[in-house]
Each structure stands twice: as structure tokens, then as C-alpha cells.
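Here's the structure we're looking at; comments come further down.
Residue numbers (our numbering): 8 to 294.
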């Protein structure tokens, strides 16, 4: 499932080509024909991302809600628009560009009450300027649940997925199995800042790269796909070389270096302090 950086990047890129235009809306697949008909010819005022959700704000207070889920994807066309092919749920056409939406979990028109209920179920989004991290801290500091589960709970933090969960906790030396309430305020502040930085990096680059250029020995844009993370889907920790443990937390696969991420959140002898390294924005390789 796309993480928050992908959704925010989609909102930004689509805003550049669609916002401020009157759009032709169709549902070539037919599953959203009524909704597309209601949007057809209307002015798109803005596109807003919150966590893994997109809100397209049209004139007359019409709001289109999209959630890509596991299989949803956007396709952008510029210049000549090809004939629709395959299961396109929604096509939005501006004078010089168009987007196709395929396979979303949600593609629906919602009213103000629907939107309020949806947003009320979500925690703060680290990529939003109006995010209130205190809301997340209040949930985490009182919870016996594992921090690895809490970080991915969209009602705690909106937009964080499996990759950023694994990488942010690793960079800070926090074991995913620690209870949320065992984290100090400083632990949480560092976690929030790290997640914000990683998501912002991903939004700018259009891909997830958490390994630094110094560690990789090449510019981040040239790091091979399988080497862009420290522990996520790695056999060995790219910080210290120790084996990476892999197990399930709340039904999702988790990764952690048992050497760098001591159960009590303290680096083991021989490992550098990952909190200090996190503030420097890099994690050196060992050996």
C-alpha cells in the first residue's frame, strides 16, 4: 500500500496540472458513472492529502474522496490523451493533461459530515503543516501496545507504513516490540522528527531512500533498489552488519536489528548511539 509520501506527492503533482481547471470527468469502467457525471464540467479548486487519503475539492462544495488501498494506481497523461483501456474507475481531463485512476479501495463523493467522520478516525499526518504531534504522543504514552504497531496505526499517525516504521525505529535504536508507554517524551519527539524527515525526503524524491549517500558510497539517486534501506527487507543490518530479525506485529511483517535496537531501546556495546546519529541525519556502516 502506498505510504503517505506517495499520496502527498500525487496531490502536489496533480494539483499542478488539474487545479483551477474545469474538468471532464468520466468512468470508462462504469463503476463510478454517477459520481463522474456529478463532477463533469466542474471547477477543481484544490487537491488535499491527509495520511493515505486524497480529497479533491470541486466548486459547489463537492468533494471526491480517494484511497488507493493495495492495488490502486494513478496514471498521468500529458499532451495527446490516449483512448481509455482497461478498468479505469475515473478519468479527469484538463485542457493539457489527464489522470486515470485504477483499482482504488475508495472512489466516492462525500459530504462534510462524511469527511469529518473520516478525518476524526485519523491521527496527525507528519507531512501536514497543521499536524499536532501531541495527539499521537497522548495515544502512545498511555499504550501497552508495541510501538511497532502504534506507529502504523492510522488513528495514531496517519500516512506511516511498513517501510518508514522499520527505518525510523532502526535509526533511533528503538525496538519495535517495546511498549508505547515505555518511550520517553524525548524518544517520541525524536521519532516524530525522524518520521517527518523521512516522509518529506520521500515526497521530494518520489521514492523511499533512507540510507545516506555517505553510507552507500554513491549519491542517493544512484543507490540500487535493494540497498536503499537499513533493515527493511534486509538480511543484514546496513548499520552494523548483524542479522536482521523478521517477525509479525499486528499482522504485518516487522524488521529490526537486534544488535542496534536493544529491547530496552539502548544500543548494545560496540554500537554507536543511534539517537545522536539520527540528529546528524546519517547512520554510519560498521566493519
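The C-beta atom is built at its ideal place from N, Cα and C for all residues, glycine as well.
Just so you know, the alpha carbons of residue 180 and residue 144 end up roughly 18 Å apart. Cβ neighbours of residue 129 within its own chain (closer than 8 Å, five residues either side excluded): 57, 58, 60, 161, 162, 165. A straight-line Cα-Cα distance of about 18 Å links residue 21 and residue 89. Burial is judged here by how many other beta carbons sit within 10 angstroms of a residue's own beta carbon; residue 187 has at least 16 and is buried. By the criterion of a C-beta distance shorter than 6 Å, residue 39 is surrounded in its chain by 96, 97, 114, once the five residues flanking it on both sides are discounted.
Spatial neighbours of residue 69 in its own chain (CB-CB distance under 8 Å, excluding positions within 5 residues in sequence) are listed in chain order as 45, 46, 49, 116. A contact between stretches requires three or more CB pairs, one per stretch, nearer than 8 Å, and the segment 190-198 meets this requirement with the segment 172-179. If one requires a minimum length of 3 residues, the beta strand (DSSP E) runs lying completely within the segment 68-125 are 70-74, 80-85, 95-100, 104-109, 113-117, in chain order. In the three-state scheme derived from DSSP, where H, G and I count as helix and E and B as strand, residue 61 is classed as strand. With a threshold of 16 other beta carbon atoms within 10 Å, residue 236 meets it and is buried.
Look at residue 25 here: in three-state DSSP terms it is helix. Going by C-alpha positions, residue 121 is about 14 Å away from residue 63. DSSP, read as helix, strand or coil, puts residue 141 in helix. The beta carbons of residue 230 and residue 216 sit closer together than 7 Å. Residue pairing from DSSP places residue 51 in a beta bridge opposite 65.
Residue pairing of residue 153 in beta bridges, as defined by DSSP: 186. Counting along the chain, the unbroken beta strand (DSSP E) around residue 255 starts and ends at 251-256. By the CB criterion at 7 Å, residue 12 and residue 209 fall inside the cutoff. In summary, residue 131 is buried, with 16 or more beta-carbon neighbours lying within 10 Å of its beta-carbon over all protein chains present. Taking each of 225, 26, 167 in turn and checking the Cα distance to residue 51, the smallest one comes out for 26. In this structure, residue 77 lies away from residue 133, with their beta-carbon atoms at least 7 Å apart.
It is roughly 44 Å from the alpha-carbon of residue 72 to the alpha-carbon of residue 249. A buried status is given to residue 65, since no fewer than 16 other beta-carbon atoms sit within 10 Å of its beta-carbon.
In the DSSP assignment, the residues bridged to residue 259 are 256. In the DSSP assignment, residue 33 is bridged to 98. In this structure, the alpha-carbon of residue 246 lies about 8 Å from that of residue 267. For residue 266, the three-state secondary structure derived from DSSP is coil.
Closest option to residue 138, judged by alpha-carbon separation, among 147, 170, 203: 203. When the beta-carbon positions are compared, residue 155 and residue 261 come within less than 7 Å of each other.
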